[in-house]
Amino acid sequence: DAKTTQPTSMDCAEGRAANLPCNHSTISGNEYVYWYRQIHSQGPQYIIHGLKNNETNEMASLIITEDRKSSTLILPHATLRDTAVYYCIVRSQTNDYKLSFGAGTTVTVRA
Amino acid sequence: KAGVTQTPRYLIKTRGQQVTLSCSPISGHRSVSWYQQTPGQGLQFLFEYFSETQRNKGNFPGRFSGRQFSNSRSEMNVSTLELGDSALYLCASRMSTDTQYFGPGTRLTVL
């Protein structure tokens, strides 16, 4: 699976959009971009994933650049409950389903 | 639809004891994976079960074992507990797509 690079931490004001970048310059054509988040001491929560088109669901939007070398997760209206570690992972949909997370981005939403 | 459930949520054991953790996947999900998460090692894959068969296995000693029942519920067992087994144990389930959905985890403390 391709390696990803994320900022270590970022702050966001409550009610504002949070834009979380992720670089994955070595991504292969069949690899998807996945985002999970983990609130302290809880299980990771799936947010969204995409291949090359932008995706949106009730939690967030995922913007993938045309060359697929980077992406941005957008939380449209951050709340205090969005404070968590956010993980961007890139992987192919093969039969090997083990996930591994990097260090992720610690997002702190401030009132 | 109910999410992945894990029991117990917290557990305290002493060295040398054994422990059994339980996971009930999302209804309709036939694959269950187990992970160990620690601050030092991050998320590490233990094993995956599909239709009662272990399909993938991570690099953990034989003290770690698991099984899956016909209703897709899964258990993992750790025998002869060591201090280093203290961790958050996570279960994740999936259906036919690659997206894994995690449970809240079981926090195991070995004294």
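Going down the list, the sequences are from chains A and B.
Position 102, counted from 1, in the first sequence is what my numbering calls 102; the numbers after and before it change by one each time, with no gaps.
Position 64, counted from 1, in the second sequence is what my numbering calls 64; the numbers after and before it change by one each time, with no gaps.
Cβ coordinates follow ideal geometry from the N, Cα and C atoms, glycine included.
Contact note: Pro104 of chain B reaches chain A through Gln42, Gly43, using a C-beta cutoff of 7 Å and chain order. DSSP places Leu21 of chain B in the uninterrupted beta strand (DSSP E) bounded by 19-24. At a cut-off of 8 Å between C-beta atoms, Ser100 of chain A counts as an interface residue with respect to chain B. For Gln54 of chain B, there are no C-beta contacts with chain A under 7 Å, since the nearest C-beta of that chain is about 13 Å from it. Annotation for Glu48 of chain B: the continuous beta strand (DSSP E) segment containing it runs 42-50.
Sequence-distant partners of Thr7 of chain B (beyond 5 residues in either direction) whose C-beta falls short of 7 Å from its own C-beta, in its chain, are Ser22.
Taking a C-beta distance under 8 Å as the contact criterion, Arg37 of chain A and Tyr86 of chain A qualify as a contact pair. In summary, Gln17 of chain B is exposed, with fewer than 16 beta-carbon neighbours lying within 10 Å of its beta-carbon over all protein chains present.
For the stretch 46-68 of chain A, residues whose beta-carbon sits nearer than 7 Å to a beta-carbon of chain B comprise Tyr46, His49.
For the pair Ile12 of chain B and Arg63 of chain B, the Cα-to-Cα distance works out to about 18 Å. In this structure, Val109 of chain A sits near Thr79 of chain A, with a CB-CB distance shorter than 8 Å. B:Ser33 is the residue among B:Ser72, B:Ser33, B:Asn71 whose C-alpha sits nearest the C-alpha of Ser100 of chain A. Nearest to Tyr46 of chain A by alpha-carbon distance, out of A:Ala60, A:Ala103, A:Asn54, is A:Ala60. In terms of beta-carbon proximity, Tyr97 of chain A lines the interface with chain B, with at least one pair separated by less than 8 Å. Cβ-Cβ distances below 6 Å link Pro7 of chain A to Thr105 in the same chain, with the five nearest sequence neighbours on each side left out; the list follows chain order.
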